Amino acid sequence: MIEGGGPDRGVGALQAPVVVLSGPSAVGKSSVVRCLRERVADLYFSVSVTTRAPRPGEVDGVDYTFVTPERFQQLIDDGALLEWAEIHGGLHRSGTPAEPVRSAAAAGRPVLIEVDLAGARAVKRAMPEAVSVFLAPPDWAALEARLIGRGTESADVMARRLQTARAELAAQGDFDEVVVNSQLESACAELVSLLVAHTSVPRDRL
Numbered sequence: 454m455i456e457g458g459g460p461d462r463g464v465g466a467l468q469a470p471v472v473v474l475s476g477p478s479a480v481g482k483s484s485v486v487r488c489l490r491e492r493v494a495d496l497y498f499s500v501s502v503t504t505r506a507p508r509p510g511e512v513d514g515v516d517y518t519f520v521t522p523e524r525f526q527q528l529i530d531d532g533a534l535l536e537w538a539e540i541h542g543g544l545h546r547s548g549t550p551a552e553p554v555r556s557a558a559a560a561g562r563p564v565l566i567e568v569d570l571a572g573a574r575a576v577k578r579a580m581p582e583a584v585s586v587f588l589a590p591p592d593w594a595a596l597e598a599r600l601i602g603r604g605t606e607s608a609d610v611m612a613r614r615l616q617t618a619r620a621e622l623a624a625q626g627d628f629d630e631v632v633v634n635s636q637l638e639s640a641c642a643e644l645v646s647l648l649v650a651h652t653s654v655p656r657d658r659l
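Residue numbers (our numbering): 454 to 659.
Written out as structure tokens, the structure reads:
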């Protein structure tokens, strides 16, 4: 994945929290996001824009917003993306639209953005007042077991995934908050509190 920058500008005081969630593969981000979408009233979950083709069952504007490569480039040129990246060596691009996030926060809706570490850094640069959250496993052994337990990759691919996961875990100190996903219920509860009642000032470290 090649990191792309977002608009290099901050925003004024947010009317509602913007939480940027990231973490290593297999740490349980999807399950946590599902829990948050069920429990946080009026939550705005950022829908990524992508140039890839829809997969079976995916709904435009719900799972992703599907656009042409030309339209995506225009969004970059216009500074309309908080972050963007080239996926699988440039096979397609995905990014986070800025306007819906800012509009939702200004209207008082808590906002959740799920991105990789590079995306979290880009969003933090564009929105310094956002709260960056690293979802961590209880320990390395637990994450390793989850990754290996998937059983969907070759040994070489798995070795690369484990190496990437170690590097990602080493970056957790750069985030405003670290939530340990030892149990889904407790991790979800911590994030709910951040989304509905976060009052601390994020550390501008990403």
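Glycine included, every Cβ here is placed at the ideal spot set by N, Cα and C.
Bear in mind the structure is a predicted one, so any value in this text is a computation, not a measurement.
Rounded to whole angstroms, what is the Cα-Cα separation between residue i and residue j?
i	j	result
R490	P522	30 Å
I566	R619	23 Å
S646	Q625	20 Å
C488	H545	29 Å
V493	E539	31 Å
D609	S556	44 Å
V654	E630	Residue confidence for V654 is low, a pLDDT of 42 falling below 50, so the modelled location carries little weight and cannot support an answer.
L528	Y497	21 Å
D592	A598	10 Å
Q568	V512	According to the sequence displayed, residue 568 carries Val and not Gln. Cα to Cα, the separation comes out at about 19 Å.
S635	G542	33 Å
Would you say residue i and residue j are within 7 Å of each other, going by their C-beta atoms?
i	j	result
L570	S475	yes
P470	P550	no
T504	Y517	no
E536	V485	no
V480	P581	no
F525	P507	no
E621	P477	yes
Need the endpoints of the alpha helix (DSSP H) that residue i sits in, please.
i	result
T617	A608 to A623
P522	P522 to D530
A574	Just to set this straight, residue 574 is Arg in the shown sequence, not Ala. It spans L570 to A579 - the alpha helix (DSSP H) in which R574 sits, taken as one unbroken run.
E552	A551 to A559
Given residue i, which residues of its chain have a CB within under 8 Å of its CB, disregarding the five upstream and five downstream residues?
i	result
Q468	A558, A559, A560 and G561
S547	S501, V502, T503, T504, R505, Y517, W537, A538 and I540
L637	G481, S484, V485 and C488
L596	P477, A479, V480, P590, A618 and L622
Roughly how far, in whole angstroms, is the beta-carbon of residue i from the beta-carbon of residue j, given that I think they are within contact range, below 8 Å?
i	j	result
A583	V473	5 Å
V632	L644	6 Å
By Cβ distance below 7 Å, which residues in the same chain neighbour residue i in space, the five residues on each side in sequence not counted?
i	result
I601	M611
E606	R614
S533	Correcting the residue identity first, residue 533 is Ala in this sequence and not Ser. If we look at A533 and ignore the five residues flanking it on each side, its Cβ neighbours are P550, A551 and E552.
V464	Bear in mind that the predicted position of V464 carries a pLDDT of just 40, short of 50, making it too unreliable to give a figure here.
For residue i, report the span of its beta strand (DSSP E) as first-last.
i	result
S475	V471 to S475
E539	L534 to I540
V417	Nothing can be reported for residue 417: it is not among the residues displayed for the chain, which extend from 454 to 659.
R508	It is not in any beta strand (DSSP E) - R508 carries neither H nor E in the DSSP assignment.
V586	V584 to A589
V480	Neither: V480 is in no beta strand (DSSP E) and is coded neither H nor E.
V493	Premise fails: V493 is in no beta strand (DSSP E) and is neither H nor E.
L565	V564 to E567
Let me see if you follow: with CB-CB separation under 7 Å, is residue i close to chain D or not?
i	result
A479	Here there is only one protein chain, and chain D is not present.
Tell me which residues share the same chain as residue i and place their Cβ nearer than 6 Å to its Cβ, disregarding the 5 neighbours each side in the sequence.
i	result
D495	R562
L648	P470, V472, V493 and P563
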